[in-house]
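In the working numbering, the protein residues as written are 1 to 464.
The structure appears below as structure tokens.
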């Protein structure tokens with residue numbers, strides 16, 4: 001369906017079904033010389049992941065000429081880079097395509113490269129400005145003033161000698177660079193195909209803007225309606241949340257739009273898929289990876305249920321509400337650190353472990369020990385799109401009711417939190433408090449029926 005001429009297509013893809021791989025494969029299949037396919041998402045992280053997947057699929061075949069646009073401001077804030085970022089391609093034109101460039105073009109590229117190196121030096125090492133000579137400062141000022149024109153000229157040369165078949169770019173940059181006078185205004189004026197990844201986080205107004213900008217383009221959107229919606233980090237009272245809170249996947253699935261479901265998930269141990277299947281997916285998920293390939297936790301620990309690599313640890317701590325209206329729990333944080341250290345002591349690599357907190361204040365408590373141990377640390381609202389072998393999930397709250405626990409009991413947020421792991425999951429929480437929430441009650445009932453709820457004092461027994 002992805003390569004058919006349907007004007008609009010939704011691919012409902014559950015976690016671990018390879019939605020980015022599917023999107024990249026469709027892009028590669030549809031790409032043709034002289035005609036651009038645009039692959040887009042709301043974040044630079046998602047776009048970079050799409051690019052890396054696309055390049056991995058193409059391998060050494062060189063059938064795809066990919067280009068990724070990322071703004072300097074995003075790079076300065078730590079956006080991931082790829083091998084085909086615009087300025088990397090532009091600075092390599094002289095070395096890779098000199099035979100196709102006139103002497104004047106080669107001279108202009110040399111000027112662009114010198115200026116770009118100066119700009120990147122300041123961009124990534126702002127402290128370097130303290131040690132610049134007067135001549136270097138003047139060269140930087142000139143490069144900065146001429147950066148826009150120099151980039152436009154370099155892009156014009158690139159489009160002649162290395163026309164991309166797939167442009168990967170965030171939605172905001174796509175809309176900005178295709179406005180009159182924008183870097184890609186002429187190039188993308190007749191764009192025929194747009195592929196949107198992580199479409200549950202694409203807000204409705206962005207879809208409207210894309211359709212208005214590219215009325216002739218086929219649009220293919222891939223995402224999971226059961227994962228986090230747009231503006232998840234904004235208060236629900238903000239204008240962005242009120243007017244653009246619906247994710248595009250939710251809208252498309254409510255309409256008579258052609259739908260292709262992906263239900264075979266390859267991420268987790270099959271027994272771990274039972275829980276999201278029960279809570280969220282209505283039993284529709286199919287496990288595509290055999291249990292024998294997900295034994296990292298089962299082979300190293302004495303689990304309460306040897307066939308299920310999931311443990312709920314009841315932590316009788318006390319949560320604290322800060323002036324920022326976030327929550328922390330020192331006892332739970334201590335339990336998390338002890339558990340993580342015990343896993344490391346069992347020769348589980350730090351990069352195989354991830355800690356996920358529901359609350360920002362709890363994340364702050366764990367920043368120093370997580371960094372010391374070399375373990376990745378996320379909040380639930382920042383972890384979508386990531387996966388790891390073993391997850392330690394912290395729920396933190398000890399005083400709850402259905403009204404105050406709406407954030408913690410949000411089923412989409414829970415779904416993202418519960419589906420990041422491949423080999424095993426530890427859930428830390430105050431069981432009595434969690435039982436006051438409807439979705440957590442269902443989870444705990446399932447966990448109790450499988451004998452995987454233990455007290456904190458029993459944690460050492462897991463490592464006997």
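Virtual Cβ for every residue (Gly too), placed ideally from N, Cα, C.
Predicted, not measured: the structure shown is a model, and the values here were computed from it.
6 Å Cβ shell around residue i - same chain, five flanking residues per side excluded
i, result
"residue 453", "312 and 447"
"residue 168", "39, 47, 50, 51 and 68"
"residue 378", "356"
"residue 318", "398"
"residue 365", "328 and 333"
"residue 113", "91"
Per DSSP, cross-strand counterpart(s) of residue i
i, result
"residue 379", "357"
"residue 426", "311 and 392"
"residue 9", "220"
"residue 196", "40 and 221"
"residue 261", "12"
"residue 35", "32"
"residue 327", "321"
Segment limits, beta strand (DSSP E) that includes residue i
i, result
"residue 108", "Taken as a continuous stretch (DSSP letters only), residue 108 belongs to no beta strand (DSSP E), being part of the alpha helix (DSSP H) at 103-124."
"residue 389", "388-394"
"residue 275", "Per DSSP, residue 275 belongs to no beta strand (DSSP E); it is in the alpha helix (DSSP H), 274-279."
"residue 454", "453-455"
Secondary structure of residue i, DSSP reduced to three states
i, result
"residue 421", "strand"
"residue 85", "strand"
"residue 65", "coil"
"residue 411", "helix"
"residue 171", "helix"
"residue 92", "helix"
"residue 227", "coil"
"residue 322", "coil"
"residue 402", "coil"
"residue 384", "coil"
"residue 146", "helix"
"residue 286", "strand"
"residue 166", "strand"
"residue 349", "coil"
"residue 305", "coil"
"residue 55", "helix"
"residue 127", "helix"
"residue 132", "coil"
"residue 463", "helix"
"residue 184", "coil"
"residue 368", "helix"
"residue 437", "coil"
"residue 450", "coil"
"residue 80", "coil"
"residue 50", "helix"
Limits of the alpha helix (DSSP H) - the one that residue i falls within
i, result
"residue 251", "248-254"
"residue 330", "330-345"
"residue 178", "From DSSP, residue 178 is part of no alpha helix (DSSP H); its letter is neither H nor E."
"residue 205", "204-213"
"residue 25", "19-30"
"residue 74", "72-76"
"residue 189", "Per DSSP, residue 189 belongs to no alpha helix (DSSP H) and is neither H nor E."
"residue 296", "Here residue 296 belongs to no alpha helix (DSSP H), and DSSP marks it neither H nor E."
Same chain, Cβ closer than 8 Å to residue i, five either side skipped, listed in chain order
i, result
"residue 341", "373"
"residue 402", "409, 436, 437 and 438"
Cβ-based neighbour list, residue i, same chain, cut-off 7 Å, excluding 5 preceding and 5 following
i, result
"residue 261", "12"
"residue 146", "115"
"residue 433", "397, 398, 399 and 400"
"residue 336", "355, 366, 392, 394 and 428"
"residue 72", "123"
"residue 420", "354, 356, 383, 386, 387, 388 and 391"
Span separating the alpha-carbon of residue i from that of residue j
i, j, result
"residue 424", "residue 272", "8 Å"
"residue 381", "residue 227", "10 Å"
"residue 20", "residue 44", "14 Å"
"residue 349", "residue 436", "36 Å"
"residue 98", "residue 135", "29 Å"
"residue 294", "residue 264", "16 Å"
"residue 164", "residue 153", "16 Å"
"residue 343", "residue 56", "31 Å"
"residue 363", "residue 110", "46 Å"
"residue 285", "residue 444", "21 Å"
"residue 122", "residue 149", "19 Å"
"residue 442", "residue 214", "45 Å"
"residue 166", "residue 459", "50 Å"
"residue 457", "residue 306", "19 Å"
"residue 359", "residue 320", "11 Å"
"residue 27", "residue 6", "15 Å"
"residue 66", "residue 376", "30 Å"
"residue 105", "residue 156", "10 Å"
"residue 426", "residue 388", "13 Å"
"residue 368", "residue 278", "36 Å"
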